[in-house]
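Numbering (this note's numbering), first residue to last: 18 to 94.
Structure, as structure tokens:
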Amino acid sequence: MLTVSPGDVLLPVPTAVEKAIGYRPHPTTCTRWTRHGVRGVKLETVVVGGRPRTTEAAVIAFVEAQTANADAPQSDI
């Protein structure tokens with residue numbers, strides 16, 4: 018769950034992703050990132066008025082965590 022600090026700007030997930038990485042993904046992609054995650058990492062959100070919201074910083078952390086997991090050595094199991 019996302020920890021919100023005073024001054025954090027909560028945005029709809031597609032808008033936050035667009036501001037952080039430069040393109041607006043399909044809404045279904047955003048839902049998948051928040052519910053199931055990618056490479057074991059979920060995009061952190063909070064629910065405000067029944068709608069998921071996140072911050073640009075959370076999106077950047079999500080992308081960096083995916084990159085770290087992709088660069089990690091794979092086991093031979």
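By construction, the Cβ of each residue, glycine as well, lies at the ideal position given by its N, Cα and C atoms.
Asked: Does the distance from the C-beta atom of threonine 62 to that of alanine 75 stay below 9 Å?; Found: yes
Asked: From the DSSP output, read off the bridge partner residues of arginine 68.; Found: Val65
Asked: Determine the burial state of arginine 56: buried for a count of at least 16 other Cβ atoms within 10 Å of its Cβ, exposed for fewer.; Found: exposed
Asked: With DSSP as the reference, identify every bridge partner of proline 29, one or two as the case may be.; Found: Arg70
Asked: Between the C-alpha atoms of isoleucine 77 and glutamate 35, what's the straight-line distance to the nearest angstrom?; Found: 11 Å
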